[in-house]
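> Structure below; questions to follow.
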Amino acid sequence: MHKKVVIIGGGPAGLAAALELWNAGVHNIIILERARKLGGILRQCIHDGFGLHRFGESLSGPEYAARFVSEIERLHIPFQTDVTVTEITANRCVTAISPSGRFVFSADAVVLAMGCRERTRGNLGIPGTRPAGVFTAGAAQEYMNLCNILPGRRALILGSGDIGMIMARRLALEGVAVIGVYEIMAYPSGIRRNVTACLNDFDIPLVLSHTVTEIHGDSRLEAVTVSEVSADKHPIPGTERRIKCDTLILSVGLIPENELSEGAGVALDPKTGGAFVSERYETCVPGIFAAGNVLHVHDLVDDVSLEAERLARAVIAFLGGERASCDIAVTAGENVLRIVPQRVSGDCPVRLSFRARVPMGECTISLTQNGEVIASERFAKLVPAEMKTITLPKLSSKDEIRAVIS
Amino acid sequence: MTEREFACTLCPNSCDITATTDGTTLIKISGNACKRGIKYVEDELICPTRVVTSSALVLGGDELLCSLRTTKPIPVAYAHRLISELKYIHIQAPIKIGQVIIRNLYGSGCDVIATRNVACCSGKDL
Chain A
873 MHKKVVIIGG GPAGLAAALE LWNAGVHNII ILERARKLGG ILRQCIHDGF
923 GLHRFGESLS GPEYAARFVS EIERLHIPFQ TDVTVTEITA NRCVTAISPS
973 GRFVFSADAV VLAMGCRERT RGNLGIPGTR PAGVFTAGAA QEYMNLCNIL
1023 PGRRALILGS GDIGMIMARR LALEGVAVIG VYEIMAYPSG IRRNVTACLN
1073 DFDIPLVLSH TVTEIHGDSR LEAVTVSEVS ADKHPIPGTE RRIKCDTLIL
1123 SVGLIPENEL SEGAGVALDP KTGGAFVSER YETCVPGIFA AGNVLHVHDL
1173 VDDVSLEAER LARAVIAFLG GERASCDIAV TAGENVLRIV PQRVSGDCPV
1223 RLSFRARVPM GECTISLTQN GEVIASERFA KLVPAEMKTI TLPKLSSKDE
1273 IRAVIS
Chain B
11 MTEREFACTL CPNSCDITAT TDGTTLIKIS GNACKRGIKY VEDELICPTR
61 VVTSSALVLG GDELLCSLRT TKPIPVAYAH RLISELKYIH IQAPIKIGQV
111 IIRNLYGSGC DVIATRNVAC CSGKDL
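If you're matching them up, the sequences are chains A and B in order.
Quick note on our numbering: the first sequence kicks off at 873 and runs consecutively.
Quick note on our numbering: the second sequence kicks off at 11 and runs consecutively.
As structure tokens, then:
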């Protein structure tokens, strides 16, 4: 089956890209979604705070998703749920399986919108036994908010990512004893309003510079050992404390889900975990584009939607035969954790998204070329938990752009 | 007089606000990017309010649960009470986003509304 565009993933990025493409007259498209409904992770994010930028009001995740899904349904934009993409090739053949069989699509353009995955206990390598009761925050959220299953009675949360703090509140509200949120860094890793609204409001302790160093229990989790960590994040011997709990919730970071992308030969940026992309959101494989959390993990869904819309406009240009040579590298320099996109043409202004490596007070991000500052912006503060943007102007030279924060 | 730190929860800017207060009276404020920050701190001093979100069981729907939220922020102190009362609520499908589930909660003028569209059960496995 031939499609102009195949969109992989029916979450916020895929939905926004599909709508933007459709509204520009690109109708031979399809969204492929693994779950039984569209909406992606928003379906289980029942807390509010979504859409403040985009809709000017504070919506819950399902409401935010529904704004897009209703449009998709009203316009009869083709989508298929319960379908898992198993392979994407460099020449844009997409293989998918579903209960009704196997499909192969050939596409002029493929949009990667698969989102991200949570890091697990396996990624951290926490020593100890392997009992039930150890969940990622997203898994616990799905159990509670979609499946009506309470994960446990006495929970400790490792990692102060946003989902971890939101789950701490959710568990506390549902009557679970939440012992505390333990964070390995010396500062909370989620956005600050969540520390207030999720932890302080419910008297949930936030314990910084601590981590879980052992898991105890046979069939079910019985306790964890927590230890204080040194500045280089190593557990300090002698600080171990054993804490009784039947549930350990991990909110220890997200990784863009790029197994399929790699199969197509898409090169990944070790800093973001997502593809290296041009200002057109095109990966190193022509005709394969990426946006949203599969490209780099965002804090706000509003930004994901906006990015996917910019991607869609680039796909439209690509389908119209436009090819831009984006060969000016953009690299993350001092105090910059990562920056996207990583390649630009220099022919037009480009909005770059970046994160600081460490929390910083008053500071300036500068984009430099040959040691000369091309653009800079002052910030009252920057924290790794909050992604910011800066606009790179049109360039006169083709030399590398370096972003530094000082 | 005491100095207190606040992280404004009204928008993703999460302004770090420093406020000098005398009990529940705001004397001096800094760090807020907009004037909503002043109102936020004043409210925090007197009676902190939040939008409360939760869910309730669905009858005859293609989802087990329907997510809910208050239409306005309510005092934090009422959050637990609301959540425990929601355990006894069952909502008959179909449900539309914005449908009022509890009207005029505790006489506050604020409603609890559905935040998920739930269709009637099609007979397929959930």
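Where is the CB? At the ideal position from N, CA and C, for every residue including glycine.
Taking 8 Å as the threshold (C-beta atoms), are A:Glu-1046 and B:Ile-2 in contact?
Here chain B comprises residues numbered 11 to 136, so residue 2 of chain B is not present and cannot be evaluated.
> On the DSSP letters alone, give me the boundaries of the alpha helix (DSSP H) that A:Leu-1191 sits inside.
Per DSSP, A:Leu-1191 belongs to the alpha helix (DSSP H) from 1173-1191.
> Answer yes or no: do B:Ile-111 and B:Val-122 have a C-beta to C-beta separation smaller than 8 Å?
Yes, they are a contact pair.
> Compare the Cα-Cα distances from A:Leu-1279 to each of A:Met-986, A:Ala-907 and A:Gly-1205 and report the closest residue.
Since the first residue shown for chain A is 873 and the last is 1278, residue 1279 of chain A is missing from the structure and cannot be characterised.
> Taking 8 Å as the CB-CB cut-off, is A:Glu-905 touching chain B?
Chain B contact via Cβ: absent.
> Alpha carbon to alpha carbon, what distance is there between B:Val-128 and B:Asp-219?
There is simply no residue 219 of chain B to check, as chain B begins at 11 and stops at 136 in what is shown.
> When you compare each of A:Pro-1213, A:Pro-1003, A:Val-982 and A:Ile-1087 to A:Leu-1030 by their alpha carbons, which one comes out closest?
Of A:Pro-1213, A:Pro-1003, A:Val-982 and A:Ile-1087, the residue nearest in Cα terms is A:Ile-1087.
> Since B:His-90 is in the alpha helix (DSSP H), which residue starts that stretch and which ends it?
89-96 is the extent of the alpha helix (DSSP H) around B:His-90.
> DSSP state of B:Ile-56, grouped into three classes?
Residue state, collapsed to three classes: helix.
> Run down chain B in chain order and give the residues with a C-beta less than 7 Å from the C-beta of A:Cys-1156.
Residues of chain B passing the Cβ test: none, with the nearest at roughly 32 Å.
> Would you mind listing the alpha helix (DSSP H) stretches within the stretch 908-982 of chain A that are 4+ residues and don't spill past its ends, in chain order?
Correct list: 933-946.
> What runs of the beta strand (DSSP E), each 3 residues or longer, lie entirely inside the stretch 1207-1254 of chain A?
DSSP runs (the beta strand (DSSP E)) wholly in the stretch 1207-1254 of chain A: 1208-1212, 1222-1228, 1235-1241 and 1244-1251.
> Of all the options B:Ser-118, B:Lys-45 and B:Glu-13, which has the alpha carbon lying nearest to the alpha carbon of B:Gly-33?
For B:Gly-33, the nearest C-alpha among the options comes from B:Glu-13.
> Within the continuous alpha helix (DSSP H) that includes A:Ile-1038, where are the two ends?
Segment 1034-1045, the alpha helix (DSSP H) holding A:Ile-1038.
> Whole angstroms is fine: what's the gap from A:Asn-1066's alpha carbon to A:Ser-972's?
Each residue's alpha carbon lies about 43 Å from the other.
> In its own chain, which residues sit with a C-beta less than 6 Å from the C-beta of A:Val-1222, not counting the 5 before and 5 after it?
So the qualifying residues of the chain are Glu-1151, Val-1216 and Leu-1264.
> How would you write the range of the beta strand (DSSP E) that B:Ser-64 sits in, first residue to last?
Unbroken beta strand (DSSP E) run through B:Ser-64: 63-69.
> Determine contact between the stretch 1196-1210 of chain A and the stretch 1143-1150 of chain A, defined as no fewer than three beta-carbon pairs at a distance below 8 Å.
Yes: the two stretches touch, three or more of their Cβ pairs being nearer than 8 Å.
> With 8 Å as the threshold, decide whether the Cβ of B:Cys-21 is near any Cβ in chain A.
It does; some Cβ of chain A falls within 8 Å.
> With a CB to CB cut of under 6 Å and the five nearest residues on each side skipped, what residues in its chain are close to A:Ile-949?
Closer than 6 Å at Cβ, skipping near neighbours: Ala-890 and Trp-894.
> Could you check which residue in A:Gly-883, A:His-925 and A:Arg-946 has the C-alpha nearest to that of A:Gln-916?
Of the listed residues, the one whose Cα sits closest to A:Gln-916 is A:Gly-883.
> To the nearest whole angstrom, what separates the beta carbons of A:Leu-1022 and A:Val-1048, a pair I think is in contact under 8 Å?
Indeed they touch by this definition, with Cβ atoms about 7 Å apart.
> Give the straight-line distance between the Cα atoms of B:Tyr-116 and A:Gly-1036, rounded to the nearest whole angstrom.
Cα-Cα distance, rounded: 30 Å.
> I want to check one thing, is the minimum distance from the CB of A:Ala-1257 to the heavy atoms of the ligand SAM below 7 Å?
Ligands are entirely absent from the displayed structure, and the ligand SAM is therefore not among its contents.
> Taking B:Ile-27 as the query, report the chain A residues whose CB atoms sit under 9 Å from its CB, ordered along the chain.
Correct list: empty, because the minimum Cβ distance to chain A is about 11 Å.
> Among the residues of its own chain, which have a CB less than 6 Å from the CB of A:Phe-922, if the five just before and after it don't count?
Answer for A:Phe-922: Leu-931, Gly-933, Tyr-936 and Val-1173, listed in chain order.
> Quick one: is A:Glu-1014 near chain B, going by C-beta distance under 8 Å?
By this cut-off, A:Glu-1014 is not an interface position.
> Check whether the Cβ atoms of B:Thr-125 and B:Leu-78 lie closer than 8 Å to each other.
Contact flag set, yes.
> Identify, in the order they occur along the chain, each residue of the same chain with its Cβ nearer than 8 Å to the Cβ of A:Val-1276, setting aside the five sequence neighbours on each side.
So the list reads Gly-1205, Glu-1206, Asn-1207, Val-1208, Ile-1237, Ser-1238 and Thr-1240, once near-sequence residues are dropped.
> With the cut-off set at 8 Å, would you say A:Pro-1107 and A:Leu-1078 are in Cβ contact?
Cβ distance not < 8 Å, so A:Pro-1107 and A:Leu-1078 don't count as in contact.
> Figure out for me which residue from A:Ile-902, A:Glu-929 and A:Asn-963 has the closest Cα to the Cα of A:Glu-945.
Cα-wise, what sits closest to A:Glu-945 is A:Ile-902.
> Count the other CB atoms within 10 Å of the CB of A:Phe-977; is the residue buried (16 or more) or exposed (fewer)?
Buried.
> Do A:Gly-1017 and B:Ser-65 have their C-beta atoms within less than 8 Å of each other?
Residue 1017 of chain A is actually Asn in this sequence, not Gly. The answer is yes: Cβ separation under 8 Å.
> Between which two residues does the beta strand (DSSP E) harbouring A:Arg-993 extend?
It is not in any beta strand (DSSP E) - A:Arg-993 instead sits in the alpha helix (DSSP H) that spans 993-996.
> Helix or strand or just coil, what does DSSP make of A:Ala-1058?
Coil at A:Ala-1058, not helix or strand.
> For the beta strand (DSSP E) that contains A:Ser-1099, what are its first and last residues?
It spans 1093-1100 - the beta strand (DSSP E) in which A:Ser-1099 sits, taken as one unbroken run.
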